[in-house]
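Take a look at the structure below.
Numbering (our numbering), first residue to last: 239 to 467.
Now the structure itself:
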């Protein structure tokens with residue numbers, strides 16, 4: 239039986255007080271926590287009203303994951319178990335800050351930059367087995383796997399994801415590549431690319447992502463663009 243709120247109930251911000259575990263990591267868009275009591279889940283929190291988000295990347299990612307939560311197509315994406323969007327309350331802000339400061343510094347708190355009334359989004363996603371480049375195989379294996387994930391997202395959602403460096407993708411235990419921190423192109427920027435992809439075969443679509451969006455790292459930590467592998 240699922241431990242998440244029944245579908246007929248509308249999740250609310252108080253849920254975060256119950257399922258938010260220890261601080262796990264942070265990125266450009268938000269902060270990730272462990273899911274309390276469930277080692278295979280991670281909780282991501284983002285602030286759509288962040289002052290430094292001039293390009294509205296947080297909003298675009300939130301809208302995208304809300305669509306994923308509704309359609310539940312997870313090819314190339316982490317499986318979602320929960321999604322909520324709403325205004326930040328001080329009790330939530332204080333709880334998030336306290337949880338981060340137990341193990342990290344004010345710098346990590348500042349990434350969220352939450353104030354009361356800010357529009358925030360929270361989702362719970364699966365924790366992946368591996369993050370980044372798979373160095374147990376040739377670099378081309380990772381490049382191909384990430385391209386496959388990106389094309390699957392394009393097929394299922396008509397969304398083009400970019401910034402595919404190794405901090406944004408990983409693998410399930412079965413080796414499947416997953417883009418867990420996708421940055422969707424906004425509608426205006428993606429129009430020309432969509433025309434290219436719509437008129438291309440699947441192999442050509444994969445090659446477009448390899449040529450333009452995918453990066454890996456060699457064993458020495460040096461970044462390499464996918465097309466150069």
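Beta carbons: idealized from backbone N, C-alpha and C, even for Gly.
{"Item": "Limits of the beta strand (DSSP E) - the one that residue 219 falls within", "Value": "This structure leaves residue 219 out entirely; the chain is present only between 239 and 467."}
{"Item": "Cα-Cα separation, residue 359 to residue 374", "Value": "36 Å"}
{"Item": "Nearest-angstrom Cα separation, counted from residue 448 out to residue 372", "Value": "16 Å"}
{"Item": "Backbone secondary structure at residue 263 - three-state DSSP", "Value": "strand"}
{"Item": "Given residue 328 as reference, the closest of 440, 353, 459 once Cα atoms are compared", "Value": "353"}
{"Item": "Beta-carbon proximity of residue 416 to residue 315, cut-off 9 Å", "Value": "yes"}
{"Item": "Any alpha helix (DSSP H) of 4 or more consecutive residues that is wholly inside the segment 421-460", "Value": "425-436, 440-450"}
{"Item": "Straight-line Cα distance separating residue 407 from residue 446", "Value": "18 Å"}
{"Item": "Cβ-based burial, residue 296 [other Cβ within 10 Å; buried from 16]", "Value": "buried"}
{"Item": "Proximity to residue 333 [Cα-Cα], best of 294, 264, 255", "Value": "255"}
{"Item": "Residue 391 - DSSP class collapsed to helix/strand/coil", "Value": "helix"}
{"Item": "Option in 313, 350, 341, 319 with minimal Cα separation from residue 330", "Value": "350"}
{"Item": "Between the CA atoms of residue 454 and residue 465 - distance to the nearest angstrom", "Value": "10 Å"}
{"Item": "Spatial distance of residue 391 from residue 434 (CA atoms)", "Value": "16 Å"}
{"Item": "Nearest neighbour of residue 368, chosen from 441, 412, 318 [CA to CA]", "Value": "412"}
{"Item": "Residue from 323, 283, 438, 370 with nearest C-alpha to residue 452", "Value": "370"}
{"Item": "Reference residue 418, options 443, 355, 267, 261, closest by Cα", "Value": "267"}
{"Item": "6 Å Cβ shell around residue 342 - same chain, five flanking residues per side excluded", "Value": "261"}
{"Item": "Three-way DSSP call (helix, strand, coil) for residue 286 in this model", "Value": "coil"}
{"Item": "Assigned secondary structure, residue 374 (DSSP; H/G/I helix, E/B strand, else coil)", "Value": "coil"}
{"Item": "Cβ pair residue 444, residue 397 closer than 9 Å", "Value": "no"}
{"Item": "Collapsed DSSP secondary structure at residue 383 in the structure displayed", "Value": "helix"}
{"Item": "Residue 355, buried or exposed, once every other Cβ within 10 Å from all chains shown has been counted against 16", "Value": "exposed"}
{"Item": "8 Å contact criterion, which residue 281 and residue 273 should meet: CB distance rounded", "Value": "5 Å"}
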